[in-house]
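With this note's numbering applied, the sequence shown closes on residue 292, and no number is skipped along the way. We put the CB at the ideal spot given by N, CA and C, even for glycine.
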Amino acid sequence: MMNDNKGQNSTNINWYPGHMEKAKRLMMKEYKNIDAVYELIDARIPKSSKIKNIYDIIGNKPKIVIMTKKDLADPIGVEKWVKYYENLGTKVIVADLNDDNDIKKIINLTHELMEELQIKREVKGMFRKEIRALVVGIPNVGKSTLINRLVGKKVVSVGNKPGITKSLVWLKTKHNIMLLDTPGILWPKLDNKEIALNLAAIFSIKIEILDVNEVAVHILNKLNYYYPKKLQERYNIAPSSLGLDIEEVYNNLGGKMGAIRHGEVDYERVSNRIVNDIKDEYIKGIVFDNEM
Numbered sequence: 001m002m003n004d005n006k007g008q009n010s011t012n013i014n015w016y017p018g019h020m021e022k023a024k025r026l027m028m029k030e031y032k033n034i035d036a037v038y039e040l041i042d043a044r045i046p047k048s049s050k051i052k053n054i055y056d057i058i059g060n061k062p063k064i065v066i067m068t069k070k071d072l073a074d075p076i077g078v079e080k081w082v083k084y085y086e087n088l089g090t091k092v093i094v095a096d097l098n099d100d101n102d103i104k105k106i107i108n109l110t111h112e113l114m115e116e117l118q119i120k121r122e123v124k125g126m127f128r129k130e131i132r133a134l135v136v137g138i139p140n141v142g143k144s145t146l147i148n149r150l151v152g153k154k155v156v157s158v159g160n161k162p163g164i165t166k167s168l169v170w171l172k173t174k175h176n177i178m179l180l181d182t183p184g185i186l187w188p189k190l191d192n193k194e195i196a197l198n199l200a201a202i203f204s205i206k207i208e209i210l211d212v213n214e215v216a217v218h219i220l221n222k223l224n225y226y227y228p229k230k231l232q233e234r235y236n237i238a239p240s241s242l243g244l245d246i247e248e249v250y251n252n253l254g255g256k257m258g259a260i261r262h263g264e265v266d267y268e269r270v271s272n273r274i275v276n277d278i279k280d281e282y283i284k285g286i287v288f289d290n291e292m
């Protein structure tokens, strides 16, 4: 019997590898050397992918929020979050980090943001300085991709799984910008079930931390409530305003997929298929954070 876990909004998941705590300490030591901050968040989960207590780390440094993976996100849902963060006084760029034009926007906005600082230096008879920017974000939001694009070559590993980068290093670009690469940082306790499930759905936390069936049901429910056409197109499942009958859905999908073992539906196999449909980009044009 499947359980859609409605109403549960808390979790005792703890996931805070030692390298993340070390990175946080090192960033605090580098604080005085940082001119600006690139905070990357995933456009599909613009709230859930935002680092908790980020201002404890970056203070009042000039910041650009870069909403990545715009090619995978719902543009209407994204625009609501852009306006939300801009109303908080934050500079925002929505980007596909493989798009040259979006990379140029990031470079141009960085220099625009730093122009006042550069003018002050010139007034004092000093040369314009090389901007030092901290690149920060939770795992799997595109930090390594951004750095490689700005540097102009592969200098850090890229992978569709959390925890690739594990140390801090300054990297030079040809744009008069130095980058401080950091590991993806998460808060010590994922105490909100909705956030934890959203993070697992886009592989920002290891899928093994949560029950894969629970993550898959979360994805199905999100599609049912907010993207019913995608639910029907991908799985040929009719959406329901009353909520999905999860057991019926799994029996249906299991039969279509041939996911039958000993005469019964292999729930885990069906769940892995649903979860991997997000990872493999068969399901896109989504935003799973809907409440500000």
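{"Check": "According to DSSP, which residues form a beta bridge with L190?", "Outcome": "I13"}
{"Check": "Could you check the C-alpha separation between V65 and D181 for me, to the nearest Å?", "Outcome": "16 angstroms"}
{"Check": "By DSSP's criteria, Y38 is part of a beta bridge. Which residues make up the other side?", "Outcome": "I64 and V135"}
{"Check": "Report the residue from Q232, S204, I106 and I103 whose alpha carbon sits nearest the alpha carbon of V141.", "Outcome": "S204"}
{"Check": "Check the C-beta distance from I51 over to M28 and give it rounded, since I have them as a contact under 8 angstroms.", "Outcome": "Actually they are not in contact, since the Cβ atoms of I51 and M28 sit about 14 angstroms apart, beyond 8 angstroms."}
{"Check": "Once the 5 residues before and after Y250 are set aside, which same chain residues still bring their CB inside 7 angstroms of it?", "Outcome": "M2, V265, Y267 and V270"}
{"Check": "Can you name the residues that DSSP bridges to K172?", "Outcome": "M178"}
{"Check": "Short of 7 angstroms in beta carbon distance, which residues of its chain neighbour N213, apart from the five on each side in sequence? Order them along the chain.", "Outcome": "M2, Y267, E268 and S271"}
{"Check": "Could you round the C-beta distance between K61 and A36 to whole angstroms and report it? I think they count as a contact, below 8 angstroms.", "Outcome": "6 angstroms"}
{"Check": "Answer yes or no: do I283 and K230 have a C-beta to C-beta separation smaller than 8 angstroms?", "Outcome": "yes"}
{"Check": "Taking the beta strand (DSSP E) that K91 falls in, what are its first and last residues?", "Outcome": "K91 to V94"}
{"Check": "Between I246 and V217, how many whole angstroms is the CB-CB distance? I'm expecting something under 8 angstroms.", "Outcome": "6 angstroms"}
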